[in-house]
Ligand code: UD1
Ligand code: MG
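Shown next as structure tokens:
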């Protein structure tokens, strides 16, 4: 069976109260729409059509970055979900397989659920996806069933008091042949409480033609629609709890799981230890046996086995830690490679740099990588000892086995095994401290 995905993402999301289109709001630091595209990708769709409207350009940009083959269509006016699907008609010209309609604001569909919808298509012309809602809510369409048969779908606004108490609720997702889907959509009217073209009307239309419709059931957690910030927070919390449990099952230690915030693409290896209160931004890989200590913030970085990061470390994009490195408290690294066994233990900023194996970067070291216009690189060799409070004014190189004296401002390259020292010479004045104290004491006494 060849599959095409149609993902509805044109709505404004009025209840989000935001300038950002609803489907671009992130869950686990990844736009909802990207979650939906990834969910559908497990079906290896032959075509993917994304229906955009509000913030179309921004939505298209994110969609194309995730799937360059995606076809973007624009629904100029949001006249309802059936009208939205109708916009995909030209993009699906010549396609004669099944269409799966996904919603950009329903991001957590499990692969198995999509497969079950396709399996059910063997026996029914139209397959909708529903869920039993735990608490009856004044939202969502109600699925009116007669045994296995779906009779019709009634939106909450249009439902009778009795229908509103039905717990079998519409997720919005459906599977149908492309040909039938567009035929049924042509018959949809906007004669309802919202004056919208409801996609849900196609269930009754299929029955009127003597065709068969059904609704299969999935877990409520998979189909929670996001319509407000509260829904978004709830969806994120749900994602976090699932992702943490997956990591625990893989053999990762999370000392206080509920305090670790993960991104959708976080990868952590077996026997890694994550202490409480760690935030993972996008693009982080932590290898087996590494330790991330409390209050660290990581994004776009790779941490190899045996390395220890934090507490209170900040690793920014482009950071690559080889095995057995030590990155300590209040250290910020950006676009920097730290080779095996090297240490940056305290209060440092190292950016646009390379640090060779077994080198030690002293407390308070800063790479001055930015001159206000351009960024420059700092290259530190192997077995280098960088003294505390060294300023490395980039571009600059420090050769293998070299040393810098504490407080040195390095502006020229340091050759291998050399000692660089650049600071004012110290002078000691005997007895001067005592004199100074007496003077100051007397001054204070006069003032009182
Ligand atoms: C819809 C369903 C409802 C279901 C619920 C599940 C209809 C009529 N109702 O209601 O039965 O229980 O989803 O979450 O289908 N969209 C467009 N263009 C439009 C209108 C909507 O692209 O003209 C998109 C939205 O961006 C969103 C999706 O379609 O991704 C659903 O729209 P939304 O307004 O959230 O529908 P609900 O009222 O939630
Ligand atoms: Mg919705």
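Residue numbers (the numbering used here): 29 to 476. For each residue, glycine too, the CB sits at the ideal point set by N, CA and C. All values derive from a computational prediction rather than experimental measurement.
Check: residue i C-beta below 7 Å from any heavy atom of the ligand UD1
i           : result
residue 187 : no
residue 248 : no
residue 106 : yes
residue 228 : yes
residue 32  : no
residue 408 : no
residue 288 : no
Nearest residue (CA-CA) to residue i, options the options
i           : options            : result
residue 13  : 60, 308, 287, 142  : Missing from the structure shown is residue 13; the chain here goes from 29 to 476 and no further.
residue 195 : 323, 332, 221, 158 : 158
residue 367 : 283, 448, 374, 409 : 409
residue 86  : 51, 96, 56, 76     : 51
residue 192 : 401, 207, 171, 179 : 171
residue 298 : 419, 55, 276, 290  : 276
residue 450 : 438, 456, 442      : 438
residue 256 : 454, 104, 60       : 60
residue 93  : 106, 82, 78        : 78
residue 380 : 45, 422, 73, 473   : 422
residue 156 : 383, 202, 285      : 202
residue 237 : 180, 292, 200      : 180
residue 325 : 230, 314, 108      : 314
residue 118 : 414, 458, 34       : 34
residue 283 : 462, 436, 260, 323 : 323
residue 95  : 72, 146, 53, 337   : 72
residue 329 : 447, 343, 56       : 343
Per-residue DSSP class, three states only, for residue i
i           : result
residue 126 : strand
residue 146 : helix
residue 267 : helix
residue 68  : helix
residue 353 : coil
residue 411 : coil
residue 117 : coil
residue 308 : strand
residue 280 : coil
residue 295 : strand
residue 377 : strand
residue 474 : helix
residue 453 : coil
With 16 other Cβ atoms within 10 Å as the buried cut-off, status of residue i
i           : result
residue 163 : exposed
residue 219 : exposed
residue 115 : buried
residue 122 : exposed
residue 147 : exposed
Minimum Cβ-Cβ distance from residue i to chain C less than 8 Å
i           : result
residue 432 : As a matter of chain content, chain C is missing from the structure shown, which is built from one protein chain.
* **Beta carbon nearer than 6 Å to a non-hydrogen atom of the ligand MG** => The answer, residue by residue, is 133, 253, 255.
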